[in-house]
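Participant: Just dropping this structure here.
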Amino acid sequence: MADPKKRVAPRQRSWLPIILVLLALAIGLGFVLWYYAMDPREPAVVPEPPTRPAPVTPDPETVEPLPDPTDEPAPATIEEECDIISGRIMDFFSRLDRRDYIQQREMPEGSRAYFKQMLARLLDNPPAVTGETDGIEVLLGNTAHFYRVLGMNDLWLLKDVMNQEKGDLEELMALFYHWSQIAPECPESDLNFHLPLADIYEYSSFFLNTLGGRSYLFRRDAKVRSLVTYYSVLVLDRANEAGINRHGLDIRYGINTLLAEMPGMDNLQQREEYLATLTELESKYQQLYGD
Numbered sequence: 048m049a050d051p052k053k054r055v056a057p058r059q060r061s062w063l064p065i066i067l068v069l070l071a072l073a074i075g076l077g078f079v080l081w082y083y084a085m086d087p088r089e090p091a092v093v094p095e096p097p098t099r100p101a102p103v104t105p106d107p108e109t110v111e112p113l114p115d116p117t118d119e120p121a122p123a124t125i126e127e128e129c130d131i132i133s134g135r136i137m138d139f140f141s142r143l144d145r146r147d148y149i150q151q152r153e154m155p156e157g158s159r160a161y162f163k164q165m166l167a168r169l170l171d172n173p174p175a176v177t178g179e180t181d182g183i184e185v186l187l188g189n190t191a192h193f194y195r196v197l198g199m200n201d202l203w204l205l206k207d208v209m210n211q212e213k214g215d216l217e218e219l220m221a222l223f224y225h226w227s228q229i230a231p232e233c234p235e236s237d238l239n240f241h242l243p244l245a246d247i248y249e250y251s252s253f254f255l256n257t258l259g260g261r262s263y264l265f266r267r268d269a270k271v272r273s274l275v276t277y278y279s280v281l282v283l284d285r286a287n288e289a290g291i292n293r294h295g296l297d298i299r300y301g302i303n304t305l306l307a308e309m310p311g312m313d314n315l316q317q318r319e320e321y322l323a324t325l326t327e328l329e330s331k332y333q334q335l336y337g338d
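Numbering (the numbering used here), first residue to last: 48 to 338.
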């Protein structure tokens, strides 16, 4: 039995494992240093940022200038204008020749020659503009003017054209009015269709200033009535400028009538253009004659 009074000597700690670990670390560190010393690495190269290419200066002799948005096309010469307007009018008559209601009538030389002959009869037999109320015969003659000059068949033909071509009525009236302005300067035109100012002035006066002419217009629809009155006012203005208003008509009545009626006419495609022109004429004649 062991003696309890006998002390047990404490176990001494061994340093051998710690020494072995430190020795291994030292050997490993030495090996790493030796490896990099024998095989040196190139330093990392930081790429330079790309340089922006220098701007290319265009050669002013080879660069075409941009078009100026304010530039307007050169106006057509009178010869070009004659060709354009006469060509569009002849196209209209060519279309008429292909219409069934025209082909049913006897027109051996085509619609253009036929309407030219009708126009000649109207211009050679103008209506009475003055003295209409001097006798019942003059008044009745004006009321039936187109029937007397053209006859029933041609009068129905005109009505058919106005009804069948009503979609192009504004364009057609503008074309023929424009042609009346430039025709004297278009002697080489193949149209051979003239509307002299002195002659169409008589009909403008008839529509603006006589009972017969105004009663004829009131038997038409509002669109036809307004367009005929509008172009009659333009013709009268030209007559004033040319000094041939021999009946002494006052243009202001026609201008005021149209300015009162046209704003409510939505079926006029060029209504704003008409009103702008009428407003200019109103200002012009206010300056000439006053209010």
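Here a beta-carbon is modelled for each residue, glycine too, at the ideal position from N, C-alpha and C.
(1) With three or more beta-carbon pairs closer than 8 Å as the criterion, would you say the region 183-198 touches the region 257-265?
(2) Quick check on the DSSP output: the alpha helix (DSSP H) that includes L186 runs from which residue to which?
(3) For I229 versus V282, is the C-beta distance shorter than 7 Å?
(4) Within this structure, are the beta carbons of E327 and T257 separated by less than 7 Å?
(5) Would R142 be called buried (16 or more neighbouring beta carbons within 10 Å of its own) or exposed?
(6) Measuring CB to CB, does Y224 end up less than 7 Å from Y278?
(7) For D147, name the three-state secondary structure that DSSP assigns.
(8) Can you give the Cα-Cα distance for L202 and Y194, rounded to whole angstroms?
(9) Comparing alpha-carbon positions, which option in Q164, E217 and A323 lies nearest F240?
(10) Determine, using beta carbons only, whether I291 and A245 come nearer to each other than 7 Å.
(11) Would you tell me roughly how many angstroms separate the C-alpha atoms of N314 and A269, rounded to the nearest one?
(12) Output the distance between the C-alpha atoms of P243 and P231, rounded to the nearest integer angstrom.
(13) Would G157 and D144 be called neighbours here (beta carbons separated by less than 7 Å)?
(14) Measuring only the C-alpha atoms, how far is R267 from M312?
Facilitator: This is what the structure holds:
(1) yes
(2) Position 139 of the sequence shown, counted from the start, is the residue given in the question as residue 186. Counting along the chain, the alpha helix (DSSP H) containing L186 begins and ends at I183 to T190.
(3) Position 182 of the sequence shown, counting from 1, holds the residue named residue 229. Position 235 of the sequence shown, counting from 1, holds the residue named residue 282. Not in contact: I229 and V282 (Cβ atoms no closer than 7 Å).
(4) By 1-based counting over the sequence shown, the position of residue 327 is 280. By 1-based counting over the sequence shown, the position of residue 257 is 210. Cβ atoms of E327 and T257: not closer than 7 Å.
(5) As a working note, residue 142 is residue 95 in the sequence shown. Exposed, because fewer than 16 other Cβ atoms sit within 10 Å of the Cβ of R142.
(6) Start at 1 with the first residue of the sequence shown, and residue 224 comes out as number 177. Start at 1 with the first residue of the sequence shown, and residue 278 comes out as number 231. Yes. Within cutoff.
(7) For the purposes of this step, residue 147 is taken as the residue at position 100 of the sequence shown. DSSP places D147 in helix when its eight states are reduced to three.
(8) Looking up residue 202 in the sequence shown gives position 155. Looking up residue 194 in the sequence shown gives position 147. So the two alpha carbons sit approximately 6 Å from each other.
(9) Locating residue 240 in the sequence shown gives position 193, counting from the first residue. Measuring from the Cα of F240, the nearest candidate turns out to be Q164.
(10) By 1-based counting over the sequence shown, the position of residue 291 is 244. By 1-based counting over the sequence shown, the position of residue 245 is 198. Cβ atoms of I291 and A245: closer than 7 Å.
(11) Here residue 314 refers to the residue found at position 267 of the sequence shown. Here residue 269 refers to the residue found at position 222 of the sequence shown. Between N314 and A269, the C-alpha separation is close to 10 Å.
(12) In the sequence shown, counting from the first residue as 1, residue 243 sits at position 196. In the sequence shown, counting from the first residue as 1, residue 231 sits at position 184. In a straight line, the C-alpha of P243 is about 8 Å away from that of P231.
(13) On the sequence shown, residue 157 is found 110 positions in, with the first residue counted as 1. On the sequence shown, residue 144 is found 97 positions in, with the first residue counted as 1. Contact flag set, yes.
(14) Taking the sequence shown and counting its residues from 1, the one referred to as residue 267 is at position 220. Taking the sequence shown and counting its residues from 1, the one referred to as residue 312 is at position 265. Distance between the alpha carbons of R267 and M312 is about 15 Å.
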